[in-house]
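Just so we're aligned: the sequence shown equals residues 0 to 248 in numbering that gives the first Met the number 0.
Scroll down for the structure; my scribbles are underneath it.
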Amino acid sequence: MEETVNIKDLLFICKKQLPLIIGITVLSVVICAFITYFLLTPIYKGSTQLLINKSKDNEAVYEYNEVQTNLQLINTYNVIIKSPRILNLVKEELGLQLSIEELTKKITVESEEDSQVLNINVEDPNPEVAAEIANTIAKVFQKNIVEIMNIDNVVILAQATVNQNPVPIKPNPLLNLAISVVIGLMIGFGIAFFLEYLDNSIKTEQDIENMFDLPVLGVISTIETNAHEKYETEGRNSECLISKRKKVL
0 MEETVNIKDL
10 LFICKKQLPL
20 IIGITVLSVV
30 ICAFITYFLL
40 TPIYKGSTQL
50 LINKSKDNEA
60 VYEYNEVQTN
70 LQLINTYNVI
80 IKSPRILNLV
90 KEELGLQLSI
100 EELTKKITVE
110 SEEDSQVLNI
120 NVEDPNPEVA
130 AEIANTIAKV
140 FQKNIVEIMN
150 IDNVVILAQA
160 TVNQNPVPIK
170 PNPLLNLAIS
180 VVIGLMIGFG
190 IAFFLEYLDN
200 SIKTEQDIEN
210 MFDLPVLGVI
220 STIETNAHEK
230 YETEGRNSEC
240 LISKRKKVL
């Protein structure tokens with residue numbers, strides 16, 4: 000026998016299980032807030048910018064082919080910046096107790112679209128350390144790229160700085176809480192519909208028709224106890240009133 004579920008049934012289930020859905024959503028938000036504010040370590044970012052040209056000669060004249068060549072070399076610069084040759088010098092200068100792999104995971108190098116500008120981003124739980132590593136990488140790269148690729152025109156456009164009240168880039172509390180609300184609602188609705196699916200009790204005449212495939216000929220309404228007692232009381236009062244009228248007559 001095929002069962003059909005309409006929108007009214009879905010709304011009825013949601014209304015019936017509303018406390019469960021709200022409870023699970025609130026629990027999800029509370030757990031997410033606890034993890035975000037008490038368990039996750041805030042991560043800060045330090046960023047610096049480099050402008051890379053091939054040579055200082057004829058700075059006023061840039062041929063189109065030369066610019067295109069420099070743009071194609073951007074990916075090469077990205078690899079060089081995160082290479083052991085550069086990062087080992089950075090470790091020595093700052094005295095970092097990190098392996099090359101650990102230091103590499105903190106660094107991302109991005110290039111501005113169709114430009115010779117590189118952004119060096121460093122993430123660390125300490126904002127001052129992140130800025131210091133980013134600035135040191137830029138200086139070491141500027142100094143050593145001359146020997147590596149014979150490029151002597153690297154300009155540091157902007158150094159990484161630390162604000163008075165630095166803001167972590169992650170975790171993002173608002174985003175995490177919004178995701179927790181969505182997840183809580185999904186879990187709440189899922190559990191509500193699952194519980195309703197497991198409930199095989201007969202509640203309405205429609206359930207009888209669906210279960211036995213038989214038409215309902217009649218329905219006996221439920222008489223409440225209070226209503227029955229009220230009916231008997233009113234009946235007795237009516238009998239007393241009739242008897243009094245008979246005596247008067």
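The C-beta atom is built at its ideal place from N, Cα and C for all residues, glycine as well.
Check: Would you report the Cα separation of residue 200 and residue 122, rounded to the nearest angstrom?
Finding: If you take the alpha carbons of residue 200 and residue 122, they lie about 58 angstroms apart.
Next item on the list: Can you tell me which of the three DSSP states residue 48 falls into?
Entry: Secondary structure of residue 48 (DSSP, three-state): strand.
Notebook entry, point to check: What is the rounded straight-line gap between the Cα of residue 174 and the Cα of residue 183?
Noted result: Linking residue 174 to residue 183 through their CA atoms gives a straight-line distance of about 14 angstroms.
Note to self: With the cut-off set at 7 angstroms, would you say residue 161 and residue 195 are in Cβ contact?
What the structure shows: No, Cβ-Cβ distance for residue 161 and residue 195 is not below 7 angstroms.
Check: Three-state secondary structure (DSSP) at residue 171?
Finding: DSSP, reduced to helix, strand and coil, places residue 171 outside both helices and strands of the structure shown, so it counts as coil.
Item checked: Beta bridge counterpart(s) of residue 43 as assigned by DSSP -> Residue 43 is bridged to 123.
Margin query: When you compare the segment 124-140 with the segment 22-34, are there three or more beta-carbon pairs, one atom per stretch, that lie closer than 8 angstroms?
Written below: Flag = no, the segment 124-140 and the segment 22-34 do not touch.
Check: Can you give the beta carbon distance from residue 73 to residue 144, rounded, assuming they're within the 8 angstroms contact cut?
Finding: With a beta-carbon spacing of about 13 angstroms, residue 73 and residue 144 fall beyond the 8 angstroms limit used to define contacts.
Item checked: Chain-order list of residues whose beta-carbon lies under 7 angstroms from that of residue 157 (same chain, five-residue window excluded) -> Close CB contacts of residue 157 within its chain, under the 7 angstroms cut and outside five residues either way in sequence, are with 47, 48 (chain order).
Notebook entry, point to check: Of all the CB atoms in chain D, is at least one closer than 7 angstroms to the CB of residue 122?
Noted result: Considering every chain present, this structure includes no chain D. It has just one protein chain.
Note to self: So, at 6 angstroms on beta carbons, what are the nonlocal neighbours of residue 16 in its own chain, with the 5 sequence-adjacent residues on each side left out?
What the structure shows: Same-chain partners within the cutoff: 191.
Check: What residues are listed by DSSP as bridge partners for residue 110?
Finding: In the DSSP secondary-structure assignment, residue 110 is bridged to 117.
Notebook entry, point to check: When the Cα atoms are used, what is the spatial distance from residue 5 to residue 11?
Noted result: So the two alpha carbons sit approximately 10 angstroms from each other.
Notebook entry, point to check: Just checking my contact of residue 85 with residue 140 at CB under 8 angstroms: how many whole Å lie between their CB atoms?
Noted result: Between residue 85 and residue 140, the beta carbon gap of about 6 angstroms places them in contact (Cβ cut-off 8 angstroms).
Note to self: Do residue 118 and residue 109 have their beta-carbon atoms positioned less than 7 angstroms apart in this structure?
What the structure shows: A contact, by the Cβ cut-off of 7 angstroms.
Checklist line | Limits of the alpha helix (DSSP H) - the one that residue 154 falls within | finding: For residue 154, there is no enclosing alpha helix (DSSP H); the enclosing beta strand (DSSP E) has its first and last residue at 152-157.
Item checked: Bounding residues of the alpha helix (DSSP H) (the contiguous stretch that carries residue 72) -> Annotation for residue 72: no alpha helix (DSSP H) segment contains it, and DSSP assigns it neither H nor E.
Notebook entry, point to check: So, helix, strand or coil for residue 82, using DSSP?
Noted result: In the three-state reduction of the DSSP assignment, residue 82 falls in the coil class, being assigned neither a helical nor a strand state.
Notebook entry, point to check: So, is residue 35 buried or exposed, given that buried needs 16 or more other C-beta atoms within 10 angstroms?
Noted result: Residue 35 should be labelled buried.
Check: Which of helix, strand or coil does DSSP assign to residue 5?
Finding: For residue 5, the secondary structure class from DSSP, reduced to helix, strand or coil, is coil.
Next item on the list: Please work out which residues of its chain come closer than 6 angstroms, Cβ to Cβ, to residue 142, disregarding the five sequence neighbours upstream and downstream, and give them in chain order.
Entry: Result list for residue 142: empty, nothing under 6 angstroms.
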